[in-house]
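Trainee: Sharing a structure, written as structure tokens. Questions coming.
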Amino acid sequence: MSSDLLCGTHAAPVVTQLCRHAPLVHCITNDVVQNFTANVLLALGASPAMVVHADEAAQFAAIADALLINLGTLTRPQQQGMRAAIDSARAAGTPWTLDPVAVGALTLRTDFAHEILAQRPAAIRANASEILALAGVSLGGRGVDTTESAHHAREAAAVLARRSGAVVAVTGEVDYITDGERMLAVNGGTTMLTRVVGTGCALSAVVAACCALPGDRLENVATACWLMKRAGEQALAVAKGPGSFASALLDSLHAQAFGGHHAAH
Amino acid sequence: MSSDLLCGTHAAPVVTQLCRHAPLVHCITNDVVQNFTANVLLALGASPAMVVHADEAAQFAAIADALLINLGTLTRPQQQGMRAAIDSARAAGTPWTLDPVAVGALTLRTDFAHEILAQRPAAIRANASEILALAGVSLGGRGVDTTESAHHAREAAAVLARRSGAVVAVTGEVDYITDGERMLAVNGGTTMLTRVVGTGCALSAVVAACCALPGDRLENVATACWLMKRAGEQALAVAKGPGSFASALLDSLHAQAFGGHHAAH
Amino acid sequence: MSSDLLCGTHAAPVVTQLCRHAPLVHCITNDVVQNFTANVLLALGASPAMVVHADEAAQFAAIADALLINLGTLTRPQQQGMRAAIDSARAAGTPWTLDPVAVGALTLRTDFAHEILAQRPAAIRANASEILALAGVSLGGRGVDTTESAHHAREAAAVLARRSGAVVAVTGEVDYITDGERMLAVNGGTTMLTRVVGTGCALSAVVAACCALPGDRLENVATACWLMKRAGEQALAVAKGPGSFASALLDSLHAQAFGGHHAAH
Numbered sequence: 001m002s003s004d005l006l007c008g009t010h011a012a013p014v015v016t017q018l019c020r021h022a023p024l025v026h027c028i029t030n031d032v033v034q035n036f037t038a039n040v041l042l043a044l045g046a047s048p049a050m051v052v053h054a055d056e057a058a059q060f061a062a063i064a065d066a067l068l069i070n071l072g073t074l075t076r077p078q079q080q081g082m083r084a085a086i087d088s089a090r091a092a093g094t095p096w097t098l099d100p101v102a103v104g105a106l107t108l109r110t111d112f113a114h115e116i117l118a119q120r121p122a123a124i125r126a127n128a129s130e131i132l133a134l135a136g137v138s139l140g141g142r143g144v145d146t147t148e149s150a151h152h153a154r155e156a157a158a159v160l161a162r163r164s165g166a167v168v169a170v171t172g173e174v175d176y177i178t179d180g181e182r183m184l185a186v187n188g189g190t191t192m193l194t195r196v197v198g199t200g201c202a203l204s205a206v207v208a209a210c211c212a213l214p215g216d217r218l219e220n221v222a223t224a225c226w227l228m229k230r231a232g233e234q235a236l237a238v239a240k241g242p243g244s245f246a247s248a249l250l251d252s253l254h255a256q257a258f259g260g261h262h263a264a265h
Numbered sequence: 001m002s003s004d005l006l007c008g009t010h011a012a013p014v015v016t017q018l019c020r021h022a023p024l025v026h027c028i029t030n031d032v033v034q035n036f037t038a039n040v041l042l043a044l045g046a047s048p049a050m051v052v053h054a055d056e057a058a059q060f061a062a063i064a065d066a067l068l069i070n071l072g073t074l075t076r077p078q079q080q081g082m083r084a085a086i087d088s089a090r091a092a093g094t095p096w097t098l099d100p101v102a103v104g105a106l107t108l109r110t111d112f113a114h115e116i117l118a119q120r121p122a123a124i125r126a127n128a129s130e131i132l133a134l135a136g137v138s139l140g141g142r143g144v145d146t147t148e149s150a151h152h153a154r155e156a157a158a159v160l161a162r163r164s165g166a167v168v169a170v171t172g173e174v175d176y177i178t179d180g181e182r183m184l185a186v187n188g189g190t191t192m193l194t195r196v197v198g199t200g201c202a203l204s205a206v207v208a209a210c211c212a213l214p215g216d217r218l219e220n221v222a223t224a225c226w227l228m229k230r231a232g233e234q235a236l237a238v239a240k241g242p243g244s245f246a247s248a249l250l251d252s253l254h255a256q257a258f259g260g261h262h263a264a265h
Numbered sequence: 001m002s003s004d005l006l007c008g009t010h011a012a013p014v015v016t017q018l019c020r021h022a023p024l025v026h027c028i029t030n031d032v033v034q035n036f037t038a039n040v041l042l043a044l045g046a047s048p049a050m051v052v053h054a055d056e057a058a059q060f061a062a063i064a065d066a067l068l069i070n071l072g073t074l075t076r077p078q079q080q081g082m083r084a085a086i087d088s089a090r091a092a093g094t095p096w097t098l099d100p101v102a103v104g105a106l107t108l109r110t111d112f113a114h115e116i117l118a119q120r121p122a123a124i125r126a127n128a129s130e131i132l133a134l135a136g137v138s139l140g141g142r143g144v145d146t147t148e149s150a151h152h153a154r155e156a157a158a159v160l161a162r163r164s165g166a167v168v169a170v171t172g173e174v175d176y177i178t179d180g181e182r183m184l185a186v187n188g189g190t191t192m193l194t195r196v197v198g199t200g201c202a203l204s205a206v207v208a209a210c211c212a213l214p215g216d217r218l219e220n221v222a223t224a225c226w227l228m229k230r231a232g233e234q235a236l237a238v239a240k241g242p243g244s245f246a247s248a249l250l251d252s253l254h255a256q257a258f259g260g261h262h263a264a265h
């Protein structure tokens, strides 16, 4: 399948909508990246909420505008919370997004990912190894690093999109976003994004937020990818290393959402 | 109830005491903000310790100078640890502070908050929705955001203070701090504080630390609020967005506590 | 036992190896410092992975190049994951490192630390109180702060190294690293490292990564200590307080590993 490049003139109105709608994003995500994920959503004007207990997760997923399920530090109690939240989200019509961290490399989460994949996620954001594993094409990956290029996972992503009904984003040097019929590409970014933990996980939260917006879901999800790549480039220009890069990335996301000025007093 | 404005000449000696006493603050708080909470306490010269298992939490609450209970990502195992810590704190005379995150919006934590409220917290720090819910005045709030202004929650805070015996801080555009008889107000701050996750939760930890100090508890708690608003203003002056703001906030808190110089070699 | 000072000419080649080998470090660590620990490893070119569930932890410890066990926020479910990971690591020949946070002060973790100490860790990184408690010399410490100087714990570290078979690093104003026969010392650093949560825990993760390298384990572990002290000094030179210090610390670690240039595009 050939792909079309997403350009800024398509992305910009989606960014404006994201900040205006300020979706409330219910995140059940891994322990390592909860703080950074919340700060990325806040920088863009969205509202994060991490509600994890099974009882409350069901209640909250019905209130929220979007739900994120990230398998990074999966435990059995967390599985219960995730199942309850997904059931509740589906009943309420809340779109949910899957980030299948390290699926393929580890059994418990691979089985769980295949189980919840039947619950029709609105979107899936992953690296090439994880997409190949989810699509059943290959069992690769060594932990969280990808061992297959995003390019090679394009066809697997399209297969997975058609089978699951989700918009699938496979991210890497170039990001590819597909609904199984069309495919968009997003260029750019920087490898410094791989030297800060949680940039991929936080991108999945932005994807989840964008699934709550009106309009074309394929373009909305691609805009999330576009936002992170642009912010990475801008942050690299002012950073002295990964520490100052992480701060600058949040500054840059905020500037894109709020028009470059502080929007604070 | 009318309020008096807390001014810097009253707050400054409390800040000095905080840094000199360096209270050991036992924090049982939500997963999202543990790191930032610890860094805020360290910046002010206090010592944070996050001990969560029920067995150890009871042991540690008796050693610590103050205890913080934050319901942000409540789970049933965490409830056990919180109950054990509160019991032990009360037996040892350790003051404990409650941050009832999202109480009112979610059932499990609302029931739990009402249960532990009977255990006579030294202080409560919350937004307007949460204070109204705790006081039984209204059931509002959509997750962690406040839907009622701090001003409207003033009377509810005074009722809650008289009923619980706690100093109650309801924070927002203006912070109000009351023991049910007197009320102090703290002005200033910046909305950028709402674009960084955990600034409210970390403030609750500073409130907990201030409850370990000698002197007037109402003024001590108000000083915690004053510190965060001043640091927010100073950080905004040098920040380019929420990422650099979060770093600058810690720098500014440290400068207030240690007199503007590094206090490091 | 007298000690020799580790100098930069011995440390530099180990830093180069660390970045080149890029060890995959399986971290089961405390909730407060997971994010910072991962970012420190990434800054140095290593790959962190936090896999915590008992089933997956056993599977992953056999894939990883090194394992870190940190007791900072120990819970009973986490103990199961740690036991499974250590068993699997030993069977696979994966070196594992122990950070016995607050051992001595709290019973549950002290008992657990003594239990797993029999499983022959490759390295132990701790402060003086914790080393004294592990060696059975003294029961000191008030939470995570050390109440005994690293100097006084030198002899206890040597005893512990001979008994456990581990390289033991006792860190403080001066760091001492011993295998029970030789002892290296690392000078320098800054007290600002104690105003940012997790610098010690993250150092333990770097120690774990260095245990995966070929060559002399004593020098490899001492190099981890040397790296953190040098980065602390460089960060202090540009920091305005603990917030900007934490960012600058990551920048500085990255510059040491990648030769001062971005290594990003």
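Keeping their order, the protein sequence lines are chains A, B and C.
Numbering of the first sequence is given in the UniProt record's numbering, commencing with residue 1 and proceeding in unit increments.
Numbering of the second sequence is given in the UniProt record's numbering, commencing with residue 1 and proceeding in unit increments.
Numbering of the third sequence is given in the UniProt record's numbering, commencing with residue 1 and proceeding in unit increments.
We put the CB at the ideal spot given by N, CA and C, even for glycine.
1) Please confirm if A:PRO48 has its CB atom under 8 Å from at least one CB of chain B.
2) Among B:ALA89, B:ALA84, B:CYS225 and B:THR107, which residue has its Cα nearest to the Cα of B:HIS10?
3) For C:SER256, which residues from the same chain have a beta carbon less than 7 Å from its beta carbon, with the 5 sequence-adjacent residues on both sides left out?
4) Excluding sequence positions up to five away, which residues of its chain have a Cβ less than 6 Å from the Cβ of C:ALA156?
5) State buried or exposed for A:THR191, treating a residue as buried only when at least 16 other CB atoms are found within 10 Å of its CB.
6) Please give the ranges of any alpha helix (DSSP H) in the segment 147-208 of chain A, keeping only runs that are unbroken, at least 4 residues long and fully inside the region.
7) I want to verify the contact list: residues of chain B whose CB lies under 7 Å from the CB of A:LEU250, in sequence order.
8) In chain C, what lies closer than 8 Å to B:ASP55 by C-beta?
9) Are any of the Cβ atoms in chain B nearer than 8 Å to that of A:VAL206?
10) Please name the residues in the segment 27-41 of chain B whose beta-carbon is closer than 8 Å to at least one beta-carbon of chain C, in chain order.
11) What first and last residue would you give for the alpha helix (DSSP H) that runs through A:ASN35?
12) Report whether the distance from the Cβ of C:TRP96 to the nearest heavy atom of the ligand GDP is below 7 Å.
13) For a minimum of 4 consecutive residues, which ranges assigned as the alpha helix (DSSP H) are wholly contained in the segment 201-253 of chain A?
14) Give me whichever residues DSSP pairs with C:ASP4 in a beta bridge.
15) Can you find the residues in the same chain that come closer than 7 Å, C-beta to C-beta, to A:HIS152, ignoring five residues on each side of it along the sequence?
16) Quick one: grab the DSSP three-state call for C:VAL103.
17) Go ahead and pull the three-state DSSP assignment for C:THR97.
18) Looking at B:LEU67 and C:GLY241, is the spacing between their C-beta atoms short of 8 Å?
19) Could you name the residues of the same chain whose beta carbon sits closer than 6 Å to that of A:LEU24, not counting the 5 residues immediately before and after it, in chain order?
20) Tell me, please, whether the CB atom of C:ALA52 is closer than 8 Å to any CB atom in chain A?
21) When DSSP labels each residue in this structure, what does A:ASP132 get in the three-state scheme?
22) Would you mind telling me which residues of chain B sit closer than 8 Å to C:LEU74, beta carbon to beta carbon, in chain order?
23) In this structure, what does DSSP give as the bridge partners for B:ALA255?
24) Which class does B:PRO77 belong to by DSSP, given the choice of helix, strand or coil?
25) In its own chain, which residues sit with a C-beta less than 7 Å from the C-beta of A:LEU74, not counting the 5 before and 5 after it?
26) Closer than 8 Å by beta-carbon distance: list the chain C residues that pair up with A:VAL197, in chain order.
27) For A:GLY140, would you say it is in contact with chain C, using Cβ-to-Cβ distances shorter than 8 Å as the test?
28) Within the continuous alpha helix (DSSP H) that includes A:ALA122, where are the two ends?
29) For C:HIS21, return the contacting residues in chain A, with the cut-off set at a CB-CB distance below 7 Å.
30) Go ahead and label C:SER2 buried or exposed: buried means 16 or more other beta carbons lie within 10 angstroms of its beta carbon, across all protein chains shown.
31) Who are the near neighbours of B:VAL197 in its chain, counting only those whose CB is closer than 8 Å to its CB and skipping five residues on each side?
32) What do you get for B:ALA126, buried or exposed, if any count of 16 or more other CB atoms within 10 angstroms of its CB means buried?
33) What does DSSP give as the partner residue(s) for B:PRO48 in the beta ladder?
34) At a CB-CB cut-off below 8 Å, which residues of chain A make contact with C:ALA246?
35) Going by DSSP, which residues form a beta bridge with B:LEU108?
36) Return the first residue and the last residue of the alpha helix (DSSP H) that A:ALA58 is part of.
Mentor: In short, the structure shows the following:
1) As a first step, residue 48 of chain A must be located in the first sequence, where it is residue number 48. At least one CB of chain B lies nearer than 8 Å to the CB of A:PRO48.
2) Numbered from 1 along the second sequence, position 10 holds the residue referred to as residue 10 of chain B. It is B:CYS225.
3) As a working mapping, residue 256 of chain C is identified with position 256 in the third sequence. The amino acid at residue 256 of chain C is misidentified as Ser; the sequence shows Gln. Correct list, in chain order: VAL15, LEU227, ARG230 and ALA231.
4) Counting from 1 along the third sequence, the entry for residue 156 of chain C is found at position 156. Only ILE131, LEU132, ALA135 and VAL137 meet the Cβ criterion.
5) Numbered from 1 along the first sequence, position 191 holds the residue referred to as residue 191 of chain A. By the 10 Å Cβ count, A:THR191 comes out exposed.
6) Runs of the alpha helix (DSSP H) inside the segment 147-208 of chain A: 154-164.
7) Counting from 1 along the first sequence, the entry for residue 250 of chain A is found at position 250. Ordered by position in chain B, the residues that pass the 7 Å Cβ test against A:LEU250 are GLY241, PRO242 and GLY243.
8) Start at 1 with the first residue of the second sequence, and residue 55 of chain B comes out as number 55. Within 8 Å Cβ-Cβ: THR107 and LEU108.
9) For this step, residue 206 of chain A is matched to residue 206 along the first sequence. It does not: the Cβ of A:VAL206 has no partner Cβ on chain B nearer than 8 Å.
10) Within the segment 27-41 of chain B, the qualifying residues are ASP31, GLN34, ASN35, ALA38 and ASN39.
11) Position 35 of the first sequence, counted from the first residue, corresponds to residue 35 of chain A. Run containing A:ASN35: 34-43, per the alpha helix (DSSP H) assignment.
12) The ligand content of the structure shown is nil, which means the ligand GDP is not present either.
13) You should have 217-238.
14) Residue mapping note: residue 4 of chain C aligns to position 4 of the third sequence, counting from 1. The beta-bridge partner set that DSSP reports for C:ASP4 consists of C:LEU184.
15) As a working note, residue 152 of chain A is residue 152 in the first sequence. Closer than 7 Å at Cβ, skipping near neighbours: ALA128.
16) The count along the third sequence starts at 1 and reaches residue 103 of chain C at position 103. If DSSP states are grouped into helix, strand and coil, C:VAL103 belongs with the strands.
17) Position 97 of the third sequence, counting from 1, holds the residue named residue 97 of chain C. Strand.
18) Within the third sequence, numbered from 1, the residue matching residue 241 of chain C stands at position 241. Within the second sequence, numbered from 1, the residue matching residue 67 of chain B stands at position 67. Contact flag unset, no.
19) By one-based count along the first sequence, residue 24 of chain A stands at place 24. So the qualifying residues of the chain are SER47, ALA64 and ASP65.
20) Counting from one through the third sequence, the residue named residue 52 of chain C turns up at place 52. Correcting the residue identity first, residue 52 of chain C is Val in this sequence and not Ala. Residue-level contact by beta carbon holds for C:VAL52 and chain A, with a gap shorter than 8 Å.
21) What you label residue 132 of chain A is simply residue 132 of the first sequence in a count that begins at 1. According to the sequence as given, residue 132 of chain A is Leu; it is not Asp. Helix, per DSSP.
22) Counting from 1 along the third sequence, the entry for residue 74 of chain C is found at position 74. Per Cβ cutoff of 8 Å: HIS53 and GLU56.
23) Here residue 255 of chain B is taken as the residue at index 255 of the second sequence, counted from 1. DSSP, once it has assigned bridges, lists no residue as partnering B:ALA255.
24) Within the second sequence, residue 77 of chain B is the residue found at index 77, counting from 1. Note: B:PRO77 maps to helix in three-state DSSP.
25) In the first sequence, residue 74 of chain A corresponds to position 74, counting from 1. Around A:LEU74: LEU108, ARG109 and PHE112.
26) As a first step, residue 197 of chain A is located in the first sequence; it is residue number 197 there, counting from the start. Within chain C, the residues near A:VAL197 are ASN35, ALA38, ASN39, LEU42 and PRO48.
27) Here residue 140 of chain A refers to the residue found at position 140 when the first sequence is read from its first residue. At A:GLY140 the pLDDT is 47, less than 50, meaning the model places this residue with poor confidence; the figure from the coordinates comes in the next sentence. Interface flag for A:GLY140 against chain C is unset, since no Cβ pair is found closer than 8 Å.
28) Walking along the first sequence from the start, residue 122 of chain A turns up at place 122. In the DSSP annotation of this structure, A:ALA122 is not part of any alpha helix (DSSP H), being labelled neither H nor E.
29) For the purposes of this step, residue 21 of chain C is identified with residue 21 of the third sequence, where counting begins at 1. Ordered by position in chain A, no residue passes the 7 Å Cβ test against C:HIS21, which lies about 14 Å from the chain.
30) In the third sequence, the residue the question calls residue 2 of chain C occupies position 2. Exposed, because fewer than 16 other Cβ atoms sit within 10 Å of the Cβ of C:SER2.
31) The count along the second sequence starts at 1 and reaches residue 197 of chain B at position 197. Within the same chain, B:VAL197 has close Cβ partners VAL32, VAL33 and PHE36.
32) Stepping through the second sequence from its first residue, residue 126 of chain B is reached at position 126. Burial call: buried.
33) Your numbering for residue 48 of chain B matches position 48 in the second sequence. According to DSSP, which records beta bridges pairwise, B:PRO48 is partnered with B:VAL25.
34) On the third sequence, position 246 is the one that residue 246 of chain C refers to. Neighbours of C:ALA246 across chain A, judged by C-beta separation under 8 Å: GLY243.
35) As a first step, residue 108 of chain B must be located in the second sequence, where it is residue number 108. Partner residues in a beta bridge of B:LEU108, as assigned by DSSP, do not exist.
36) Position 58 of the first sequence, counted from the first residue, corresponds to residue 58 of chain A. Here the alpha helix (DSSP H) through A:ALA58 covers 54-63.
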